[in-house]
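Residue numbers (the numbering used here), protein chains in the order written: chain F, 6 to 228; chain V, 6 to 228.
Where a beta carbon is used, it is the ideal one built from N, C-alpha and C, also for glycine.
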């Protein structure tokens with residue numbers, strides 16, 4: 006079965022404050038995005054990668070891709086929102102395949118998690134990695150706020166993984182602002198979302214401190 | 006109006022793996038708990054502090070308290086759960102006062118936040134600091150799971166702050182395992198919980214990586 010990874014690295018990185026989007030910043034001498042591509046090419050020799058880059062930052066992405074000779078990595082540009090970026094990427098995906106949609110800045114994802122996602126998606130049409138909440142959470146309501154049983158809370162990660170026929174069909178819908186991730190788009194078509202256990206170390210690099218945390222994780226500090 | 010802070014530092018620190026509970030571990034040369042006490046004594050010259058310590062770790066707590074001469078800091082031992090520890094502490098609190106209940110390991114809380122909590126609790130009987138969620142969240146349900154609008158999600162912090170009559174009355178209830186924090190105990194008596202804006206840097210030191218993050222925050226890195 007063909008495997009595709011849509012790596013969404015379209016962020017312009019305004020939250021980092023620096024000039025360079027976070028996916029291109031260096032982590033122990035290599036760009037964040039390099040680690041992400043490495044995890045997927047390590048997971049599957051024959052995976053096809055579709056890298057979604059910001060239009061004004063194609064060049065640093067192309068440089069990173071050059072470090073993966075022998076792998077099929079195509080570059081496409083991002084859309085107006087994540088929904089549009091993923092839809093662009095899905096145009097390059099075959100029917101009857103497995104598709105991973107992954108945040109380019111989740112660079113510490115393990116090949117093991119990627120393969121577990123594929124296995125679970127084969128059985129249930131989709132697999133969404135998630136971890137337990139460690140914080141107390143409340144939900145705002147119309148009249149105030151309410152407590153939530155912490156045991157019910159799951160923090161969602163990527164790669165959100167799907168049988169391609171299911172996600173391609175879901176992305177034929179018109180865009181809706183409530184689509185915050187791929188699971189929410191697919192769920193809208195009536196598909197039941199299948200949560201599987203993610204990884205505490207599978208963090209998203211969005212703040213300067215996250216680069217420090219990622220470096221410590223790479224050095225073996227327990228997160 | 007009298008002000009009391011119940012600093013809950015009763016954790017045995019099993020998650021850290023080391024021998025010393027996290028509240029006694031060093032952050033730039035000072036114990037985590039030292040920073041916490043400093044924030045409250047900086048917020049109010051005349052605050053009365055009730056420090057809840059693990060029975061088998063009274064000595065390191067007493068050492069830290071010695072560094073705050075001229076301040077009224079009493080030590081009490083923790084109960085079976087957080088509920089019981091807080092109830093122990095509340096026995097030392099007067100009526101018609103403001104009470105802060107704070108995690109001993111949230112050592113980066115600012116005196117400004119402490120004072121804002123007091124002001125808001127005076128107006129609304131309680132004030133619970135909280136911050137916006139940056140992650141996508143799902144809730145497990147009886148039949149699977151459901152998406153939650155991220156804009157409705159609030160991550161709860163401490164100091165959870167109350168008019169003392171309100172919290173003392175709430176702690177006359179029998180213990181219930183659904184009591185995960187002080188707000189949940191007080192809410193059970195019909196009081197409406199008042200969320201106010203917390204601080205992103207007001208992190209809880211529970212994992213080894215958190216000490217690294219705290220150090221970077223103290224060095225001025227934007228969290």
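Give the DSSP-derived three-state secondary structure of residue i in the structure shown.
i, result
"residue 62/V", "helix"
"residue 99/F", "coil"
"residue 56/V", "strand"
"residue 202/F", "strand"
"residue 153/F", "coil"
"residue 168/F", "strand"
"residue 182/V", "coil"
"residue 210/V", "coil"
"residue 108/F", "strand"
"residue 46/F", "helix"
"residue 135/V", "strand"
"residue 140/V", "coil"
"residue 35/V", "strand"
"residue 71/V", "coil"
"residue 224/F", "coil"
"residue 176/V", "coil"
"residue 163/F", "coil"
"residue 114/F", "coil"
"residue 30/F", "coil"
"residue 147/V", "coil"
"residue 196/V", "coil"
"residue 122/F", "helix"
"residue 81/V", "strand"
"residue 10/V", "strand"
"residue 21/V", "In this prediction, residue 21/V has a pLDDT of 45, which is less than 50 and means its spatial position is unreliable; what the coordinates show is noted afterwards. Residue 21/V: helix per DSSP, three-state reduction."
"residue 15/F", "coil"
Out of the options, which one is the CA nearest neighbour of residue i?
i, options, result
"residue 211/V", "116/V, 9/V and 25/V", "25/V"
"residue 40/V", "213/V, 209/V and 214/V", "209/V"
"residue 99/V", "125/V, 118/V, 182/V and 6/V", "6/V"
"residue 72/F", "85/F, 36/F and 51/F", "36/F"
"residue 174/F", "163/F, 64/F and 190/F", "190/F"
"residue 148/F", "197/V, 221/V and 42/V", "197/V"
"residue 213/F", "61/V, 225/V, 104/V and 85/V", "225/V"
"residue 64/V", "204/V, 176/V and 29/V", "29/V"
Anyone know if the C-beta pair for residue i and residue j falls short of 9 Å?
i, j, result
"residue 171/V", "residue 194/V", "yes"
"residue 44/F", "residue 113/F", "yes"
"residue 152/F", "residue 188/V", "yes"
"residue 101/V", "residue 168/V", "yes"
"residue 49/V", "residue 120/V", "yes"
"residue 159/F", "residue 183/F", "no"
"residue 69/V", "residue 31/V", "no"
"residue 201/V", "residue 104/V", "no"
"residue 215/V", "residue 163/V", "no"
"residue 205/F", "residue 221/V", "no"
Closer than 6 Å by C-beta to residue i: which residues in its own chain qualify, once you throw out the five before and the five after it? Chain order, please.
i, result
"residue 15/V", "57, 59, 83 and 90"
"residue 18/F", "With a pLDDT of 49 at residue 18/F, under the threshold of 50, the modelled position of that residue is not reliable, and the figure given next carries that caveat. Taken in chain order, the residues that qualify are 26 and 27."
"residue 180/F", "88"
"residue 176/F", "92 and 95"
Write down the C-beta distance between residue i and residue j rounded to the nearest angstrom, noting that I regard them as a contact closer than 8 Å.
i, j, result
"residue 161/F", "residue 141/V", "4 Å"
"residue 199/V", "residue 125/V", "6 Å"
"residue 33/F", "residue 223/F", "6 Å"
"residue 94/V", "residue 81/V", "6 Å"
"residue 144/V", "residue 157/F", "5 Å"
Counting only the same chain and skipping the five closest in sequence on each side, list residues whose C-beta sits under 7 Å from that of residue i.
i, result
"residue 165/V", "106, 133, 186, 187 and 188"
"residue 46/F", "52, 73 and 76"
"residue 87/V", "13"
"residue 116/F", "44, 47 and 48"
"residue 129/V", "199"
"residue 203/F", "118, 134, 135, 136 and 162"
"residue 123/F", "8, 103 and 166"
Among the residues of its own chain, which have a CB less than 8 Å from the CB of residue i, if the five just before and after it don't count?
i, result
"residue 79/V", "53, 54, 55, 56 and 97"
"residue 178/F", "190, 193 and 194"
"residue 22/V", "At residue 22/V the pLDDT is 48, less than 50, meaning the model places this residue with poor confidence and gives no usable figure here."
"residue 85/V", "none"
Are any of the Cβ atoms in chain C nearer than 9 Å to that of residue i?
i, result
"residue 121/F", "The structure shown contains no chain C; its protein chains are F and V."
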